[in-house]
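In this note's numbering, the protein residues as written are 123 to 212.
All residues carry an ideal CB built from backbone N, CA and C; glycine is no exception.
Quick caveat: nothing in here was measured; it's all calculated off a predicted structure.
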C-alpha cells in the first residue's frame, strides 16, 4: 500500500533531508541523501537552505520513490538517487 504525504516540512541533517510519510495512521520516517538531491542540478549551492528548497521542488518524486521502497520492504526508506533515474528501475 502506498505511503501518503503528511505535508510536514522536511528537515536537513548531516546526511540530507528527512521527512515523514504515513501508512494507515503509522508515521514512517523517510530520508533523501544529499547526493540524490544534488544530482538533479548541474550548478548547485550546497547550503542547507538551498538543498531543502531543491528537495521541496521535487518532493512529490522523492515521496513516490520512498513509497516504492516501503512497499518493497524498506521500513525506513532512504532515497539514494535523483528521481529521473527511477524509470530505469521499473
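Within its own chain, the residues whose Cβ lies closer than 8 Å to the Cβ of residue 198, once the five positions on either side in sequence are excluded, are 150, 151, 152 and 153, listed in chain order. Contact between residue 130 and residue 142 is confirmed by a C-beta separation of about 6 Å, below the 8 Å threshold.
Relative to residue 176, the option among 187, 158, 189 and 188 whose CA is nearest is 158.
Taking C-beta atoms as the reference points, residue 188 and residue 161 fail to come closer than 8 Å.
Assignment of beta-bridge partners to residue 135 by DSSP yields no partner.
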